[in-house]
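Residue numbers (our numbering): 28 to 179.
Glycine included, each C-beta is placed from N, C-alpha and C at the ideal position.
Keep in mind it's a predicted model, so treat the numbers as computed, not measured.
Each remark here refers to the structure printed beneath this line.
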C-alpha cells in the first residue's frame with residue numbers, strides 16, 4: 028500500500044519497490060547505479076525487459092487506467108470512463124480485458140441484478156506504480172521547458 032507525505036508525493040513501502048526491481052546489468056559509477064544498456068546490440072526489442080514492459084502498457088489509455096486505479100483502489104467501468112472522458116465504452120472494455128489478461132488488474136464480478144463489476148490493481152499492477160510515479164515526476168520537471176506540447 029502506498030503512503031503520502033505532507034507535499035502530496037506518493038511513496039511506496041520499501042518491500043513493494045524492492046519486489047518490483049528485476050536483476051539487471053547495472054554498474055556503479057560515482058555512487059549511482061547506471062544501466063549499461065536496455066536493448067543490447069543484436070537483441071530484438073521484444074526479447075528484452077524493456078520491450079516486454081512496453082508491450083504490457085502499450086496503448087493510449089492503459090497507463091491512465093492504471094493511474095486511476097492506483098488513486099481510487101476500486102472502480103467500476105463507468106467510473107473509469109467518466110474519469111478518462113475521451114475513451115469509448117468498447118475501447119475501455121478492450122483495455123481492461125488486456126490489462127486483466129496480463130495480470131495487472133483484477134476484475135471482481137458480483138452475482139446480482141443488475142450486474143456489478145469492479146476493477147482494482149493486482150499485486151503485479153501495483154509493482155508498476157513506482158514507474159508511474161517516476162513518469163509523473165519526470166513530466167512535472169520537464170513540461171515547463173516544452174510548453175507547446177500540452178496543447179490540445
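Residue i by DSSP, collapsed to three states: which one?
{"i": "residue 146", "result": "strand"}
{"i": "residue 155", "result": "coil"}
{"i": "residue 101", "result": "strand"}
{"i": "residue 88", "result": "coil"}
{"i": "residue 114", "result": "coil"}
{"i": "residue 188", "result": "The chain is shown only over 28 to 179; residue 188 falls outside these bounds and no answer can be derived."}
Would you call the CB atoms of residue i and residue j closer than 9 Å?
{"i": "residue 94", "j": "residue 159", "result": "yes"}
{"i": "residue 148", "j": "residue 133", "result": "yes"}
{"i": "residue 96", "j": "residue 152", "result": "yes"}
{"i": "residue 111", "j": "residue 140", "result": "no"}
{"i": "residue 78", "j": "residue 122", "result": "no"}
{"i": "residue 131", "j": "residue 72", "result": "no"}
Can you list, in chain order, the residues of its chain whose CB lies under 8 Å from that of residue i, leaving out five sequence neighbours each side?
{"i": "residue 103", "result": "143, 144, 145, 146"}
Taking the straight line between their C-alpha atoms, what separation do you get for residue i and residue j?
{"i": "residue 115", "j": "residue 161", "result": "28 Å"}
{"i": "residue 88", "j": "residue 155", "result": "15 Å"}
{"i": "residue 76", "j": "residue 138", "result": "39 Å"}
{"i": "residue 136", "j": "residue 168", "result": "40 Å"}
Spatial neighbours of residue i within its chain, please: CB distance less than 7 Å, with the 5 preceding and 5 following residues excluded, ordered by chain position.
{"i": "residue 100", "result": "147"}
task: Take every Cβ of the stretch 108-127, pair it with every Cβ of the stretch 165-173, and state whether three or more of those distances are shorter than 8 Å.
output: Using a Cβ-Cβ distance cut-off of 8 Å, the stretch 108-127 and the stretch 165-173 are not in contact, since fewer than three pairs of beta carbons, one from each stretch, lie closer than that value.
Exercise for review: Evaluate contact between the stretch 104-111 and the stretch 67-76, counting only Cβ atoms and requiring at least three cross-stretch pairs below 8 Å.
Suggested key: The answer is no - the stretch 67-76 does not touch the stretch 104-111, with fewer than three Cβ pairs under 8 Å.
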